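Written out below as structure tokens is the structure these notes cover.
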Amino acid sequence: MKLYTSPGACSMADHIVLEWTGKPYTAQIVSREDRATPAFKKLNPAGAVPVLEDGDWSLTQNTAILNYIVDKFPDAKLGGDGTPKGRAEVNRWLGFLNSDMHPAFKPMFGTTDYLEDKATIGKTHDNARKQLRRLFERADAQLGKHNWIAGDHKSIADPYLFVMLRWAKGTKVDLSGLDNLKKFEQRMRADAGVQRVLKAEGMDQAQAA
Numbered sequence: 019m020k021l022y023t024s025p026g027a028c029s030m031a032d033h034i035v036l037e038w039t040g041k042p043y044t045a046q047i048v049s050r051e052d053r054a055t056p057a058f059k060k061l062n063p064a065g066a067v068p069v070l071e072d073g074d075w076s077l078t079q080n081t082a083i084l085n086y087i088v089d090k091f092p093d094a095k096l097g098g099d100g101t102p103k104g105r106a107e108v109n110r111w112l113g114f115l116n117s118d119m120h121p122a123f124k125p126m127f128g129t130t131d132y133l134e135d136k137a138t139i140g141k142t143h144d145n146a147r148k149q150l151r152r153l154f155e156r157a158d159a160q161l162g163k164h165n166w167i168a169g170d171h172k173s174i175a176d177p178y179l180f181v182m183l184r185w186a187k188g189t190k191v192d193l194s195g196l197d198n199l200k201k202f203e204q205r206m207r208a209d210a211g212v213q214r215v216l217k218a219e220g221m222d223q224a225q226a227a
């Protein structure tokens, strides 16, 4: 099994989850330039990570890959408590991260640059930060009830939230007073698997993506 990932990208979530399975895999670090090549676009025409290869089959899209890893390695117990309700709870928070939080960063990653007006672009960034603050408040409230975002056991949703926190720091989203998120991040950074991934992707432990 082989994962294509870029340092600090959302594919870091898949990288961490593969580490948590304890099963053999390889991770190939690819740059933005690598992702634009014809060879990579054969794997994913969008030129994006993550891409997961399993034998002669490849899979794209973060949530699809994360759920595939859960089903491929059920003994890792990263998809909930084994009940339909537990799996749904994991996917509830995975959907929140993938569909609500992740896209909210897009203005700060250049999607509003076409406006070609510095002040207007700045307003889209400010609005994005306000929206993200509200989303992180929801995550903080959930973590006030549980150690992990989907409940009392870590799951495939937790590495995704960890990546979002790195992005938030890198884009100056206000996380002040969100103490449950701070404790969650500390738990993640103390995890040996997370530390191995940060090292493999060349990301300093203290660095925000």
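Taking the numbering used here, the leading residue of the sequence shown gets 19, the next gets one more, and so forth. All residues carry an ideal CB built from backbone N, CA and C; glycine is no exception. Predicted, not measured: the structure shown is a model, and the values here were computed from it.
Backbone secondary structure at residue i - three-state DSSP
| i | result |
| --- | --- |
| residue 227 | In this prediction, residue 227 scores a pLDDT of 34, lower than 50, which makes its location untrustworthy; the coordinate-derived value is nonetheless stated afterwards. Looking at residue 227 - three-state DSSP - the assignment turns out to be coil, as it is neither helix nor strand. |
| residue 78 | strand |
| residue 191 | coil |
| residue 142 | helix |
| residue 219 | coil |
| residue 72 | strand |
| residue 66 | coil |
| residue 169 | strand |
| residue 174 | coil |
| residue 134 | coil |
| residue 123 | coil |
| residue 106 | helix |
| residue 129 | coil |
| residue 202 | helix |
| residue 39 | helix |
Whole-angstrom distance between residue j and residue i, CA atom to CA atom
| i | j | result |
| --- | --- | --- |
| residue 69 | residue 32 | 9 Å |
| residue 219 | residue 188 | 16 Å |
| residue 24 | residue 76 | 17 Å |
| residue 26 | residue 103 | 31 Å |
| residue 201 | residue 161 | 9 Å |
| residue 168 | residue 155 | 15 Å |
| residue 79 | residue 95 | 21 Å |
| residue 72 | residue 118 | 29 Å |
| residue 166 | residue 129 | 31 Å |
| residue 38 | residue 216 | 14 Å |
| residue 196 | residue 143 | 21 Å |
| residue 182 | residue 157 | 11 Å |
| residue 145 | residue 89 | 38 Å |
| residue 184 | residue 74 | 33 Å |
| residue 198 | residue 205 | 11 Å |
| residue 137 | residue 66 | 30 Å |
Residue i, enclosing beta strand (DSSP E) - first and last residue
| i | result |
| --- | --- |
| residue 22 | 20 to 23 |
| residue 45 | 44 to 47 |
Exposure label - residue i; buried when at least 16 CB within 10 Å
| i | result |
| --- | --- |
| residue 53 | buried |
| residue 178 | buried |
| residue 28 | buried |
| residue 225 | With a pLDDT of 43 at residue 225, under the threshold of 50, the modelled position of that residue is not reliable, and the figure given next carries that caveat. Its Cβ having fewer than 16 others within 10 Å, residue 225 is exposed. |
| residue 132 | exposed |
| residue 172 | buried |
| residue 227 | Because residue 227 sits at a pLDDT of 34, beneath the cut-off of 50, its placement in the model cannot be relied upon, and the following sentence gives the value as read from the coordinates. Classification for residue 227: buried. |
| residue 106 | exposed |
| residue 42 | exposed |
Contact with chain D by residue i, beta-carbon distance below 8 Å
| i | result |
| --- | --- |
| residue 173 | Among the chains of the structure shown, chain D does not appear; only one protein chain is present. |
CB-CB length for residue i against residue j, believed under 8 Å
| i | j | result |
| --- | --- | --- |
| residue 108 | residue 98 | 5 Å |
| residue 191 | residue 152 | 11 Å between Cβ atoms; not a contact. |
| residue 57 | residue 21 | That pair is no contact at about 16 Å. |
The ligand SAM heavy atom lying under 7 Å from the CB of residue i
| i | result |
| --- | --- |
| residue 172 | Ligands in the displayed structure: none, and consequently the ligand SAM is not present. |
Limits of the unbroken alpha helix (DSSP H) element including residue i
| i | result |
| --- | --- |
| residue 56 | 56 to 61 |
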